[in-house]
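Each protein sequence line maps, in turn, to chains F and B. Under the working numbering, the first residue of the first sequence carries the number 2, and numbering increases by one thereafter. Under the working numbering, the first residue of the second sequence carries the number 33, and numbering increases by one thereafter. Heads up, the beta-carbon is just placed ideally off N, CA and C, and yes, glycines get one too. Bear in mind that the values here come from a model prediction, so they are computed numbers and not experimental data.
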Amino acid sequence: MKSGQQFAAEGKRYAAIRLSENSTLLHKEKSAMTTQKDTWTIAGREFTSRLMVGTGKYASFQQTAEALEASGAEIITVAVRRVNLDRSKESLLD
Amino acid sequence: MHITLNGEGIDIAEGSTVAGLLEHLQLQRERVAVEVNLDIIPKTAYDSHGLSDGDRIEIVHFVGGG
Numbered sequence: 002m003k004s005g006q007q008f009a010a011e012g013k014r015y016a017a018i019r020l021s022e023n024s025t026l027l028h029k030e031k032s033a034m035t036t037q038k039d040t041w042t043i044a045g046r047e048f049t050s051r052l053m054v055g056t057g058k059y060a061s062f063q064q065t066a067e068a069l070e071a072s073g074a075e076i077i078t079v080a081v082r083r084v085n086l087d088r089s090k091e092s093l094l095d
Numbered sequence: 033m034h035i036t037l038n039g040e041g042i043d044i045a046e047g048s049t050v051a052g053l054l055e056h057l058q059l060q061r062e063r064v065a066v067e068v069n070l071d072i073i074p075k076t077a078y079d080s081h082g083l084s085d086g087d088r089i090e091i092v093h094f095v096g097g098g
């Protein structure tokens, strides 16, 4: 997500900048309204957020989920562990 | 037949599949990823992927971190 100041620093002037619900960057240039798609791609998957968030150190899975949701990140990192073969436990994926 | 599961040798029934192994271990397929002889098995293949004597199997899951 870019701030208005960053846009100004790039030598462009916008009357207004806002983010739509799906994070597609919209900007109003002078009187004309144009839509600029601002995405990036990894391995054929397109993302609108550049934020990657880790999943460690949270107090609970509930808190993890809420923080990730609030961050707007589309990519998170996890650790991979061998399962406990004794029994199936609560999972991060819940 | 004898397989190595997460580094430990165990005996399982002939003709076992990945799905059968997960069921035996009471693991939900949605929660885990399975690797057989270093190849990740797609969840859609769990029912059809038969296990062979000597297979090295890793069953992993995702935890906080990364």
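1) Go ahead and pull the three-state DSSP assignment for G45/F.
2) The stretch 71-94 of chain B: which residues have C-beta closer than 9 Å to a C-beta of chain F, in chain order?
3) Can you have a look at E62/B and say buried or exposed, based on whether 16 or more other CB atoms are within 10 angstroms of its CB?
4) For the beta strand (DSSP E) that contains H93/B, what are its first and last residues?
5) Could you tell me whether any Cβ in chain B is nearer than 8 Å to the Cβ of T25/F?
6) Taking C-alpha atoms, which residue in A51/B, H34/B and G96/B lies nearest to T76/B?
A quick look at the data gives this:
1) On the first sequence, position 44 is the one that residue 45/F refers to. In this structure, G45/F counts as coil in the three-state DSSP scheme.
2) E90, I91, V92, H93 and F94
3) Sequence index remark: in the second sequence, residue 62/B carries index 30 (1-based). Exposed: under 16 other Cβ atoms inside 10 Å.
4) What you label residue 93/B is simply residue 61 of the second sequence in a count that begins at 1. Here the beta strand (DSSP E) through H93/B covers R88 to V95.
5) Here the question's residue 25/F lines up with position 24 in the first sequence. Only weak support exists for where T25/F lies, its pLDDT of 49 falling under 50; the value from the coordinates is given anyway. Not an interface residue.
6) The residue given as residue 76/B occupies position 44 in the second sequence. Checking every option, the nearest Cα to that of T76/B belongs to A51/B.
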